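Asks: My structure is below; once you've seen it, I'll send some questions.
Protein chains: 2
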Amino acid sequence: MYIKDKGHTVINSVREKRTYLKMTQDGLAEKVQATRQTIIAIEKGNYVPSVLLALRIASILECKVEELFRYEKI
Amino acid sequence: MYIKDKGHTVINSVREKRTYLKMTQDGLAEKVQATRQTIIAIEKGNYVPSVLLALRIASILECKVEELFRYEKI
DNA sequence: TCCTAATGTTAAGTTAACATAACATTAGGT
DNA sequence: ACCTAATGTTATGTTAACTTAACATTAGGA
Chain A
96 MYIKDKGHTV
106 INSVREKRTY
116 LKMTQDGLAE
126 KVQATRQTII
136 AIEKGNYVPS
146 VLLALRIASI
156 LECKVEELFR
166 YEKI
Chain B
96 MYIKDKGHTV
106 INSVREKRTY
116 LKMTQDGLAE
126 KVQATRQTII
136 AIEKGNYVPS
146 VLLALRIASI
156 LECKVEELFR
166 YEKI
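Protein chains in written order, with the numbering used here: chain A, 96 to 169; chain B, 96 to 169.
Shown next, in the form of structure tokens:
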């Protein structure tokens, strides 16, 4: 992140939701109009997506953005 | 946006929620740990924030991310 | 065991999302 | 009209969020 806020991170449950829906990374990527690498990176926590992508993912994974991405203290 | 998807945009109601709560751009910026310019840019639709910022803004403006940022067709 | 689907890794490039800063404009109160 | 707070504008720079692409690894079924 650009904003340096030590002591906080964004944890997501994309992988959990995705596998629960028996969806593949590739399938999800296609549905949210992103690449597989992007999904992998997000699942691995390599980066946090934009709200645009987050809204799409949440939509496809049938849940709210806040239950998919949690802003937590370390 | 990086993702080219003609026919769609992200519309937000940050300004409405903010003014409703009688909060200033500067005040909001400070609370979400961003700059005033960032708030202005978001309100003007110049760019969509990251989920991190979106989560913070939604939290401060006391609403859900999806009611603050709507993915709409043009 | 072999084949394939799914997942992971790395690199290199582009654009968007931030920041800082300095200055201009508007709106409202006295 | 004046002052100040709030808002808007423009420019420049850095980093994160993406992309494409090529290859490596893992897991599971026939």
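Idealized CB from N, CA, C, for every residue including glycine.
Since this is a predicted model, take the numbers as computed values, not measurements.
(1) Taking 9 Å as the CB-CB limit, is Ala173 of chain A close to chain B?
(2) If we cut at 9 Å on Cβ distances, does Glu157 of chain B have a partner in chain A?
(3) Which of helix, strand or coil does DSSP assign to Glu114 of chain B?
(4) Taking 8 Å as the threshold, find out whether the region 104-116 of chain B comes into contact with the region 134-144 of chain A through three or more Cβ pairs.
(5) Pairing CB atoms from the region 151-165 of chain A with CB atoms from the region 106-126 of chain A, are three or more of them under 8 Å?
(6) Taking the straight line between their C-alpha atoms, what separation do you get for Ala148 of chain A and Ala124 of chain B?
(7) Compute the Euclidean distance between the alpha carbons of Asp121 of chain B and Tyr115 of chain B, then round it to the nearest angstrom.
(8) Secondary structure at Ser154 of chain A, three-state DSSP: helix, strand or coil?
(9) Please report whether the beta-carbon of Glu125 of chain B lies at a distance below 9 Å from any beta-carbon of chain A.
(10) Excluding the five sequence neighbours on either side, which residues of its own chain have a C-beta within less than 7 Å of the C-beta of Ala129 of chain A, listed in chain order?
(11) Got a sec: is the Cβ-Cβ distance from Val146 of chain B to anything in chain A below 9 Å?
(12) On the three-state DSSP scale, how would you describe Val105 of chain B?
(13) Which residues of chain A have a Cβ atom closer than 8 Å to the Cβ of Glu161 of chain B, listed in chain order?
(14) If you draw a straight line from the C-alpha of Leu156 of chain A to the C-alpha of Arg131 of chain A, how long is it?
(15) Say whether chain A places a C-beta atom closer than 9 Å to the C-beta of Tyr115 of chain B.
Replies: Based on what the coordinates show:
(1) Here chain A has residues from 96 to 169 only, and residue 173 of chain A is not among them.
(2) Within the second sequence, the letter at position 62 stands for residue 157 of chain B. Taking Cβ atoms only, chain A never reaches closer than 9 Å to Glu157 of chain B, which makes this a no.
(3) Indexing the second sequence from 1 puts residue 114 of chain B at position 19. Correcting the residue type first, residue 114 of chain B is Thr in the shown sequence and not Glu. Helix, per DSSP.
(4) Cβ pair count under 8 Å is below three, so no.
(5) Touching, yes.
(6) Sequence index remark: in the first sequence, residue 148 of chain A carries index 53 (1-based). Sequence index remark: in the second sequence, residue 124 of chain B carries index 29 (1-based). Residue identity differs from the one stated: residue 148 of chain A is Leu in this sequence, not Ala. As the crow flies, the alpha-carbon of Leu148 of chain A is around 23 Å from that of Ala124 of chain B.
(7) Residue numbering aside, residue 121 of chain B sits at position 26 when the second sequence is read from its first letter. Residue numbering aside, residue 115 of chain B sits at position 20 when the second sequence is read from its first letter. Straight-line Cα distance between these residues: approximately 15 Å.
(8) Taking the first sequence and counting its residues from 1, one reaches residue 154 of chain A at position 59. If DSSP states are grouped into helix, strand and coil, Ser154 of chain A belongs with the helices.
(9) Reading the second sequence from its first residue, position 30 is the one you call residue 125 of chain B. Answer no: the Cβ-Cβ gap between Glu125 of chain B and chain A never drops below 9 Å.
(10) Here the question's residue 129 of chain A lines up with position 34 in the first sequence. Shown here for Ala129 of chain A: same chain residues with a beta carbon closer than 7 Å to its own, the five before and five after excluded, namely Leu148 in chain order.
(11) In the second sequence, counting from the first residue as 1, residue 146 of chain B sits at position 51. True, the Cβ-Cβ gap to chain A drops below 9 Å.
(12) The count along the second sequence starts at 1 and reaches residue 105 of chain B at position 10. In the structure shown, Val105 of chain B sits in a strand (DSSP, three-state: E or B).
(13) Locating residue 161 of chain B in the second sequence gives position 66, where the first residue counts as 1. Against chain A, the beta carbon of Glu161 of chain B has neighbours under 8 Å at Leu150, Ala153, Lys159, Val160, listed in chain order.
(14) Within the first sequence, numbered from 1, the residue matching residue 156 of chain A stands at position 61. Within the first sequence, numbered from 1, the residue matching residue 131 of chain A stands at position 36. Distance from the CA atom of Leu156 of chain A to the CA atom of Arg131 of chain A, rounded to whole angstroms, is 16 Å.
(15) The residue labelled residue 115 of chain B in the question sits at position 20 within the second sequence. Output row for Tyr115 of chain B: interface = no.
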